[in-house]
């Protein structure tokens, strides 16, 4: 059996440390990292929603050592995507060394400054303009044969199916009736039709404030791109502007979205489109994403032992119901969710009132 399957996490960390030390010793002149004089140190960093673990080396400059178990991740795809995106001008981390067989990588360190940390009412418009400009560059990259699978109806439907399976069935312990399944399928069908009708481009798939890194004088760093696909043009911009981790007033979000649409038209990414059509695309693909997240975050908790995502669900519920209430096609889903599912969610110990989720509260140094 492959050692990556049988090794415990601490054993893999030590194996990663030893491999990284050898890679640095053999390539330090190219990497501009001085020869190691002491044992290489690794400091753990917070991970993502996947199975990778990240560590920062104690070298100068620092690098990121990645434990990417090959039984659960596709390290070949990560390396290929990082290279392809960099060759087209996107600032993904440079892959300095990789052990494909065992699942280890050394990457350029893009720092700790996530976009999320820098966003506030004064900075938001300028920062979003910067990262939306980067998104426009991403969306003009040509499709490489075999590198970007289609974000088709089957995949989009599978994602939304996480909602009844993981939130309703496994977290809340409720069985759905045949009529309720039919209601969900009708809702899903509307969203799938809308997704299919949009122009199709490269989709990062998690283009949000925790995956965009800021450094002075440099283009934004883009991470967590390994699940990129070819799909609906509004997917990434709604991931950014209706972020699961920070909320802005709806009118402001719609203004930002329409400004993006104008730039995308000018760049030839999308054809001329009426504002109301574009906002419907934007709203409905955002609803698809948030229905997925309503199932994904419980799965991360129940299956993968990741406890930090459930408290973000009230904001996702808020987005889901706000958008559903705007459209007659979605109103039956919204009414059912409020009547049948929300009361069960309200009993969960992580729950807080979704109607105020994402609202900014004054800090101790801000006036009330």
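Numbering (the UniProt record's numbering), first residue to last: 1 to 368. Cβ atoms here follow ideal geometry from the backbone N, Cα and C, with glycine treated the same way.
(request) Using three-state DSSP, classify residue 118 as helix, strand or coil. (result) Taking the first residue of the chain shown as 1, we reach residue 118 at position 118. Correct three-state label for residue 118: helix.
(request) For residue 349, count neighbouring Cβ atoms within 10 angstroms of its own Cβ and tell me buried if that reaches 16, exposed if not. (result) The sequence position of residue 349 within the chain shown is 349, counting from 1. So residue 349 counts as exposed.
(message) On the criterion of 16 or more Cβ atoms from any shown chain inside 10 Å, does residue 97 qualify as buried, or is it exposed?
(response) Numbered from its first residue, the chain shown carries residue 97 at position 97. Residue 97 comes out buried.
(message) Please report the straight-line C-alpha distance between residue 58 and residue 109, rounded to a whole angstrom.
(response) Mapped onto the chain shown, residue 58 falls at position 58. Mapped onto the chain shown, residue 109 falls at position 109. The alpha-carbon atoms of residue 58 and residue 109 are separated by roughly 12 Å.
(message) If you reduce the DSSP assignment to three classes, tell me which class residue 323 lands in.
(response) For this step, residue 323 is matched to residue 323 along the chain shown. Note: residue 323 maps to helix in three-state DSSP.
(request) Could you say if the segment 233-251 and the segment 127-143 meet the contact criterion of at least three C-beta pairs nearer than 8 Å? (result) Short answer: they touch.
(message) Could you compute how far the alpha carbon of residue 76 sits from the alpha carbon of residue 146?
(response) In the chain shown, residue 76 corresponds to position 76, counting from 1. In the chain shown, residue 146 corresponds to position 146, counting from 1. Spanning the two alpha carbons is a distance of roughly 13 Å.
(message) Assuming contact is defined by CB atoms lying nearer than 9 Å, are residue 116 and residue 246 in contact in what I supplied?
(response) What you label residue 116 is simply residue 116 of the chain shown in a count that begins at 1. What you label residue 246 is simply residue 246 of the chain shown in a count that begins at 1. Yes, they are a contact pair.
(message) Quick check: what's the CA-CA separation for residue 30 versus residue 22?
(response) Here the question's residue 30 lines up with position 30 in the chain shown. Here the question's residue 22 lines up with position 22 in the chain shown. Because residue 30 carries a pLDDT of 47, less than 50, the predicted location of this residue cannot be relied on, and no value is offered for it.
(request) In the DSSP assignment, find the alpha helix (DSSP H) that holds residue 104 and state where it starts and stops. (result) Stepping through the chain shown from its first residue, residue 104 is reached at position 104. In the DSSP assignment, residue 104 falls outside any alpha helix (DSSP H) and lies within the beta strand (DSSP E) extending over 104-108.
(message) If you reduce the DSSP assignment to three classes, tell me which class residue 308 lands in.
(response) Position 308 of the chain shown, counting from 1, holds the residue named residue 308. Reduced to three states, the DSSP call for residue 308 is coil.
(request) State the CB to CB distance for the pair residue 257 and residue 273, rounded to an integer number of angstroms; the pair is presumed to be in contact (CB under 8 Å). (result) If you number the chain shown from 1, residue 257 lands on position 257. If you number the chain shown from 1, residue 273 lands on position 273. Going by Cβ atoms, the distance from residue 257 to residue 273 rounds to 12 Å, so no, they are not a contact pair.
(message) As a quick exercise: from 358, 60, 160, 67, pick the residue whose alpha carbon is nearest that of residue 10.
(response) As a working note, residue 10 is residue 10 in the chain shown. Checking every option, the nearest Cα to that of residue 10 belongs to 67.
(message) Let's test the definition: count the other Cβ atoms within 10 Å of the Cβ of residue 123 and tell me whether it reaches 16, buried, or not, exposed.
(response) Translated into positions along the chain shown, residue 123 becomes position 123. With fewer than 16 other Cβ atoms within 10 Å, it is exposed.
(message) Does residue 247 come out as helix, strand or coil in the three-state DSSP assignment?
(response) Counting from one through the chain shown, the residue named residue 247 turns up at place 247. In this structure, residue 247 counts as coil in the three-state DSSP scheme.
(request) Flag this pair as yes or no: are the beta carbons of residue 222 and residue 269 separated by less than 9 Å? (result) Taking the first residue of the chain shown as position 1, residue 222 is located at position 222. Taking the first residue of the chain shown as position 1, residue 269 is located at position 269. With respect to the 9 Å criterion, residue 222 and residue 269 are not classified as neighbours on the basis of their beta carbons.
(request) Please state whether DSSP places residue 369 in a helix, a strand or coil. (result) The question about residue 369 has no answer here: the residues shown for the chain are numbered 1 through 368.
(request) Tell me, please, which residues DSSP counts as bridged to residue 212. (result) To locate residue 212, count along the chain shown from 1; it is residue 212. Beta-bridge pairing links residue 212 to 222.
(message) For residue 51 and residue 131, what's the separation of their Cα atoms in angstroms?
(response) On the chain shown, position 51 is the one that residue 51 refers to. On the chain shown, position 131 is the one that residue 131 refers to. As the crow flies, the alpha-carbon of residue 51 is around 26 Å from that of residue 131.
(message) Is the beta carbon of residue 250 closer than 9 Å to that of residue 322?
(response) Within the chain shown, the letter at position 322 stands for residue 322. Within the chain shown, the letter at position 250 stands for residue 250. In contact: residue 322 and residue 250 (Cβ atoms closer than 9 Å).
(request) With DSSP collapsed to three states, give me the class of residue 39. (result) For the purposes of this step, residue 39 is taken as the residue at position 39 of the chain shown. Note: residue 39 maps to coil in three-state DSSP.
(request) Quick one: grab the DSSP three-state call for residue 357. (result) Taking the first residue of the chain shown as 1, we reach residue 357 at position 357. Three-state result, residue 357: coil.
(message) Buried or exposed, going by whether 16 or more other CB atoms sit within 10 Å of the CB of residue 149?
(response) Counting from 1 along the chain shown, the entry for residue 149 is found at position 149. Under the 10 Å beta carbon count, residue 149 is surrounded by fewer than 16 other beta carbons and is classified as exposed.
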